[in-house]
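Step one of this worksheet: look at the structure below.
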Amino acid sequence: MHLSGLISEIRKMYIIGWYNELLFMSQLVRYGLVGLAINLLLYCGYLLVTYMGLEPKISMSLIYITGVVIGFFGHRQWTFSHGGKVSHAMWRYALAHFLGYSINFLLLLGLVDYLAYPHELVQGAAILIVAAFLFVVFKYWVFTGNNVHAVN
472 MHLSGLISEI RKMYIIGWYN ELLFMSQLVR YGLVGLAINL LLYCGYLLVT
522 YMGLEPKISM SLIYITGVVI GFFGHRQWTF SHGGKVSHAM WRYALAHFLG
572 YSINFLLLLG LVDYLAYPHE LVQGAAILIV AAFLFVVFKY WVFTGNNVHA
622 VN
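For the sequence shown, our numbering assigns the number 472 to the initial residue and increments by one for each residue that follows.
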């Protein structure tokens, strides 16, 4: 390979790397916006139903299911621009959320029921912990393949 060909290849790798970094950051921002909107609304719903007397883990379970359904469409279409099979992504999405739900449930169980922390604070922190976990799983497992913006 000539020097000019090597420089051309290095330039292509740099541009692709830069573009993928920009894509990652834009997905992270969009994920944050979709998640913030959904979670703010659902957290208010959680506080309302617990204030009305529903037990915190039952409240979280009902609210979580609502967020899962709304989030699938927002994240698939806007956050990750996924153009792959809907059924394939849906099954992976459901499994990812089952794991996210389990993390959330165990945090409430351990920190509220056993250590007596306020459920309002634990649930607020759990939202952030589960959100970080889900972003990684969505990006690298659920919404892979046929991403309309991906560059390899």
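Ideal Cβ placement from N, Cα and C applies to all residues, glycine included.
Query	Result
Close Cβ partners of Pro589 (< 8 Å) along its chain, the five nearest in sequence each way excluded	Val583
One or two residues paired with His473 in a DSSP bridge	Note: His473 sits in no beta bridge, so no partner.
Beta-carbon separation (whole angstroms), Tyr502 vs Thr550, contact threshold 8 Å	5 Å
Spatial distance of Val619 from Leu499 (CA atoms)	Low confidence applies here, because Val619 scores a pLDDT of 49, under 50, leaving its location unreliable and the question unanswered by this model.
Ser532 to Ser475 span [Cα, whole Å]	60 Å
8 Å contact criterion, which Phe576 and Met561 should meet: CB distance rounded	No, Phe576 and Met561 are not in contact; Cβ-Cβ is about 22 Å, not under 8 Å.
Leu518 versus Val593 - alpha carbon distance	12 Å
Own chain partners of Tyr572 with C-beta closer than 7 Å, once the 5 adjacent residues on each side are dropped	Tyr535
For Val526, the first and last residue of its enclosing alpha helix (DSSP H)	It is worth fixing the name first, because residue 526 is Glu in this sequence and not Val. Element bounds for Glu526: n/a, residue is neither H nor E.
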